[in-house]
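A quick write-up on the structure given underneath.
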Ligand SMILES: NC(=O)c1ccc[n+]([C@@H]2O[C@H](COP(=O)([O-])OP(=O)(O)OC[C@H]3O[C@@H](n4cnc5c(N)ncnc54)[C@H](O)[C@@H]3O)[C@@H](O)[C@H]2O)c1
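Rendered as structure tokens:
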């Protein structure tokens, strides 16, 4: 594991006596959490995933490591969630159907996994006495609020079924904390990217699509004028935030949500230019209609995570793109 992104520890002390459940652990972000916990010798790394968008390939190197348990199962089944939470200290809940466009096409599926499945996990965590429930929320909860940078307490109205599911997650977690005393931390990820993020299929995110286009010397598609902006966040930052959230001992820091981002804003056009430079492609982008449900600008205020969790971004955009490119190269131009 010497070439892992995670040889540096984001936590202090040992993880040997700590037992984690990672839902959606065969997916993009979940597989990075699995990697981190394996590299640092967590006592239990239990993974649950139904492989609907995740892949066993993402976690294949870790499955035979000591302390790793694999459950192929669906969080929409309460019994499965109860079994998965048995003997666990920390849940890192990542399983969900991502993508705003997917939720617009398939709102019932998004609701079933992201709301009913979430509630099953929250309930199972409470019933099984889990110490803390850390979960993936999303910057999409800021919805139509024009306020920039995004501060946790100023949200607008959701612009998509996906955004609504994540807002409901936050509200359910708060109610469970108040009603049953279940500790939680919600992490509002802002456009996470990195190795293992799927570049295929109709709901692929923009950076994987740009990586693929650049490496195959194809024209990338930009929705809208390319001036929409995002706080693109390399995946190591999301991993760090999860570890800090799970292990933080300051009670003033729990039972709330945090932005997880870099606090820097880039337009989609700039991202393409950056990737084009890194790969040496001269392909020009093709522009199509803007996508419904997309917000125009997004930029996080990360001072709450800084102050209360001790979070500091680990890798900024440029380094993250270079690290990601190496992985996409191995996928598309393996002999170069
Ligand atoms: N990638 C981002 O930019 C981003 C931004 C904001 C929030 N998030 C959230 O972060 C989490 C992880 O996202 P990701 O980008 O790694 O996506 P991903 O699709 O790669 O991972 C999600 C995983 O959950 C699994 N899953 C889905 N439904 C399931 C079910 N019913 N039962 C069990 N497993 C199920 C999938 O198979 C997949 O492995 C999600 O909750 C997502 O909404 C991601």
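In the numbering used here, the protein residues as written are 50 to 385. Glycine included, each C-beta is placed from N, C-alpha and C at the ideal position. Just so we're clear, the structure is a prediction, and the values are computed from it rather than from any experiment.
Buried/exposed call for residue i, threshold 16 Cβ in 10 Å
i, result
"residue 51", "Because residue 51 sits at a pLDDT of 48, beneath the cut-off of 50, its placement in the model cannot be relied upon, and the following sentence gives the value as read from the coordinates. Exposed, by the Cβ-count rule."
"residue 196", "exposed"
"residue 128", "exposed"
"residue 384", "exposed"
"residue 375", "exposed"
"residue 101", "exposed"
"residue 363", "buried"
"residue 301", "exposed"
"residue 224", "exposed"
"residue 379", "exposed"
"residue 143", "buried"
"residue 336", "exposed"
"residue 280", "buried"
"residue 66", "exposed"
"residue 285", "buried"
"residue 199", "buried"
"residue 73", "buried"
"residue 62", "exposed"
"residue 371", "exposed"
Beta-carbon contacts of residue i that lie in its chain and below 8 Å, excluding the five residues immediately before and after
i, result
"residue 258", "248, 269, 270"
"residue 89", "55, 58, 60, 64"
Cβ pair residue i, residue j closer than 9 Å
i, j, result
"residue 167", "residue 234", "no"
"residue 369", "residue 297", "no"
"residue 30", "residue 208", "The structure shown does not extend to residue 30, since the chain is modelled only from 50 through 385, so no value can be given for it."
"residue 459", "residue 340", "The structure shown does not extend to residue 459, since the chain is modelled only from 50 to 385, so the question has no answer here."
"residue 288", "residue 239", "no"
"residue 334", "residue 314", "no"
"residue 113", "residue 186", "no"
"residue 122", "residue 98", "yes"
"residue 190", "residue 212", "yes"
"residue 307", "residue 351", "yes"
"residue 169", "residue 124", "yes"
"residue 243", "residue 373", "yes"
"residue 133", "residue 214", "no"
"residue 338", "residue 250", "no"
"residue 252", "residue 147", "yes"
Other residues of its chain near residue i: CB distance less than 7 Å, five sequence neighbours each side excluded
i, result
"residue 156", "210"
"residue 153", "209, 210, 341, 342"
"residue 87", "94, 111, 114, 117"
"residue 316", "275, 276, 277, 278"
"residue 130", "124, 169, 170, 173"
"residue 361", "355"
Cβ neighbours of residue i in the same chain (closer than 6 Å, five flanking residues each side left out)
i, result
"residue 77", "245, 246"
"residue 292", "59, 60"
"residue 188", "237, 239, 347"
"residue 365", "311"
"residue 353", "201, 307"
Any contact between the stretch 82–101 and the stretch 319–331? By contact I mean 3 or more CB pairs, one from each, below 8 Å.
no
Suppose only complete runs of 4+ residues qualify. What are the alpha helix (DSSP H) ranges in the stretch 248–303, listed by chain order?
255–264, 284–296
Does the contact criterion of 3 or more C-beta pairs under 8 Å hold for the stretch 176–191 versus the stretch 110–120?
no
Which residue spans inside the stretch 105–166 form an unbroken alpha helix (DSSP H) run of at least 4?
127–134, 149–154, 156–160
Mind pulling the alpha helix (DSSP H) runs of 4 or more residues that sit fully within the stretch 179–213?
none
Can you list, in chain order, the stretches of the alpha helix (DSSP H) that have 4 or more residues and sit fully within the stretch 304–378?
317–328
Which runs of the beta strand (DSSP E), 3 residues or longer, sit entirely within the stretch 55–115?
68–72, 93–98
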